[in-house]
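Taking it in order: structure first as structure tokens, then the write-up.
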Amino acid sequence: MLDKRVKRHVKARTHEFFAVTTPGLEDVCEAEIRCLGLDDVRPKAVPGGVVFSGKLPDLYTANLCLSTASRILMRIDSFEARDFPRLEKKIAEIPWELYLPADGQVSFKVSSHSSRLYHKDAVAQRIYGAISERMAGLMVVMAEDAEIDSDESGQTSDAPVQAVFARVYEDRFTVSLDSSGELLHRRGYHSLSGRAPLRETLAAAILRLAGYDGSMPLFDPLCGSGNFATEAAFIAKNMPCGMNRNFAFSRWPAFSASTFDHIKKTRLEQSTTFEAPQIISTDRDQKVLESLSRRLSGLGLDDAVFVGRADFLSLDPRRFTDEKGVVVLNPPYGKRMGTVESARTFLAEAGERLGKLWAGFGLGIITPHEDILAKMPWTHGLSVKHVFHGGLKVAVIFGRIPERNLREVRF
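In the working numbering, the protein residues as written are 2 to 412.
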């Protein structure tokens, strides 16, 4: 009986999904969704993410392949509630047994703005009470216990906590279920201990903003944690970046293991191999390079990436290729390591070198010191987005380095 209800109300339905992304990068995520090859999902960028529609196989594909989304929510219900009795009634009417595993752990994450029900913990308690009346076997865990973002191992849990999101705005509730589990930047492999690690989703977005699509040379001359090189290799080889991790939807009653396995198998069969690497990843730290090489080999990405020791300030791209490609940099900030003065000095030297030796290349660079680059003549025509990285507001500067110097401009 339950299987029939799940098939009719969940599997057969077209759902609304919401891909959460870094504020300021919604358009990048929307463009990526459009390139997934899904039918009629109609993505639309909105503040904080991208709304799109589809069936459960589309959700599987999005979680498996999207490199710029942080998590993907599935909308369950929407209603108005100005008091707790109304809230409890509406939550109790939702057939939770069709969405949640009977013996799982569940957390509740509530945001409330301009609403009568503003106390988030009280709202979460009412939601849990209403759900537990339908599903006595559920175990509640606090939201902070369910969050494992501070664990930088990069690996994911075998039994993800199910997270129910309730957003309240002007007394209107939107109730969603997190399909991803742990945040999607956690690709399922160990993170490297490089300098100033860049979150994988942000690295992927910068690559795309810089114009990288896998068809041209890519230089990552300050590779550090290696996330630019790894994400670029996923793009170049057309491999799903989530192939090594687990997802919360795998424990849903509606989950079809055979459908998911088929999607994953098909995507992997579409991946390409390289006779010679097109991604050049360099650093001065030999230990970092050795760790990156091991990671790439373990993921089956090593054919796409050359890993070697070099100093960016003496690196000439013509040593590797005469083709104009893309260069991406995450230079020192002077916050966690070194000083702000040394970081600004390095960026000034790097900027001078970019304008001379890297003319014609696509560029993606992330820095809190955008004023340094704004003073340089070659920055004319570049674009900038401001995002938060590690709690710090930074600029992502991207575009094509002009073939010749132009007048000085400011961002």
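Heads up, the beta-carbon is just placed ideally off N, CA and C, and yes, glycines get one too.
Treat the numbers as computed from the prediction; the structure is a model and nothing was measured.
Alpha-carbon spacing of residue i relative to residue j, whole angstroms
i    : j    : result
E153 : R83  : In this predicted model, E153 has a pLDDT of only 42, less than 50, meaning its place in the structure is not dependable enough to derive any value.
G363 : V162 : 41 Å
A234 : T202 : 14 Å
M136 : K90  : 15 Å
E414 : P198 : The question about residue 414 has no answer, for the chain in this structure spans 2 to 412.
R401 : V308 : 24 Å
S71  : H186 : 6 Å
A258 : S251 : 8 Å
R285 : E276 : 26 Å
A1   : S133 : There is simply no residue 1 to check, as the chain begins at 2 and stops at 412 in what is shown.
H390 : L3   : 44 Å
K5   : K110 : 30 Å
P58  : F85  : 36 Å
T22  : P403 : 30 Å
R268 : L330 : 29 Å
L208 : F229 : 7 Å
P48  : F18  : 14 Å
A375 : P222 : 21 Å
M1   : R117 : Past the edges of the chain, shown from 2 to 412, lies residue 1, and the structure says nothing about it.
I73  : Y61  : 10 Å
R188 : S180 : 15 Å
V38  : C66  : Note on residue identity: the sequence assigns Gly, not Val, to residue 38. For G38 and C66, the distance between alpha carbons rounds to 11 Å.
E145 : M377 : Residue placement at E145 is flagged as unreliable, the pLDDT there being 46, under the threshold of 50; a coordinate-derived value is accordingly withheld.
V395 : V385 : 10 Å
E148 : G182 : Residue confidence for E148 is low, a pLDDT of 46 falling below 50, so the modelled location carries little weight; the figure read from the coordinates is stated next. Cα to Cα, the separation comes out at about 9 Å.
K265 : S115 : 42 Å
A351 : E31  : 32 Å
G335 : F347 : 10 Å
A349 : I373 : 6 Å
Residue burial classification, residue i (beta-carbon count within 10 angstroms, cutoff 16)
i    : result
M140 : exposed
S292 : buried
R408 : Per-residue confidence for R408 stands at a pLDDT of 44, beneath the threshold of 50, marking its modelled position as unreliable; the derived number appears in the next sentence. The residue is exposed, with fewer than 16 neighbouring Cβ atoms inside 10 Å.
C36  : exposed
T340 : exposed
T380 : buried
E171 : exposed
A20  : buried
T368 : buried
E371 : buried
R411 : Note that R411 scores a pLDDT of 42, beneath 50, so its modelled location is shaky; the value from the coordinates is reported in the next line. R411 is exposed by the Cβ-count criterion.
D323 : exposed
K357 : exposed
R345 : buried
S298 : exposed
R296 : buried
S343 : exposed
R415 : Because the chain in this structure spans residues 2 to 412, residue 415 falls outside the shown range and cannot be described.
F261 : buried
G138 : exposed
S415 : Absent from the model: residue 415. The displayed extent of the chain is 2 to 412, so no value can be given.
Pick from the options that is closest to residue i, judged by C-alpha positions
i    : options                   : result
I281 : I402, T260 and D303       : D303
F248 : D4, F389 and A63          : A63
N239 : E33, S113 and K121        : E33
L355 : S315, A204, R337 and A396 : S315
S272 : L219, G215, P318 and R319 : G215
I95  : G130, D41, S294 and V111  : G130
M217 : S177, K325 and H114       : K325
R337 : N245, R268, A206 and L393 : L393
F107 : S113, T346 and V142       : Per the sequence shown, residue 107 should be read as Val rather than Phe. For V107, the nearest C-alpha among the options comes from V142.
E81  : L74, P403 and I92         : I92
A103 : P254, H263, M244 and P332 : P254
R173 : S112, G189, D40 and A204  : S112
D312 : S294, Q287, G299 and R43  : Q287
A360 : F347, E342 and L383       : L383
P278 : D262, T231, N245 and V42  : T231
G317 : Y334, L297, T283 and S298 : According to the sequence provided, residue 317 is Asp. The question's Gly does not apply to it. Checked all of Y334, L297, T283 and S298; the closest Cα to D317 is T283.
G212 : I128, L88, F399 and V51   : F399
V124 : I264, V165, G105 and W97  : V165
D40  : F256, G50 and S54         : S54
A205 : I264, Q126 and I366       : I366
W97  : V7, S115 and Y119         : V7
V306 : A237, A351 and Y334       : A237
Rounded Cβ spacing between residue i and residue j (contact assumed at less than 8 Å)
i    : j    : result
H16  : K45  : Going by Cβ atoms, the distance from H16 to K45 rounds to 15 Å, so no, they are not a contact pair.
V169 : L99  : With a Cβ gap of about 23 Å, V169 and L99 do not count as contacting.
C242 : S68  : 5 Å
F220 : V289 : Contact flag wrong, Cβ pair sits at about 16 Å.
L184 : V29  : That belief does not hold up - the Cβ atoms of L184 and V29 are roughly 17 Å apart, past 8 Å.
M75  : S177 : 6 Å
H387 : G25  : 6 Å
Y190 : L300 : 6 Å
Going residue by residue through the segment 56-98, where are the continuous alpha helix (DSSP H) segments of at least 4 residues, counting only ones entirely within it? 57-66 and 85-94
Considering only residues of the segment 95-139, which uninterrupted beta strand (DSSP E) runs meet the minimum length of 3 residues and lie entirely inside it, listed in chain order? 106-114
Ignoring anything shorter than 3 residues or poking outside the segment 301-355, list the beta strand (DSSP E) runs there in chain order. 306-310 and 327-330
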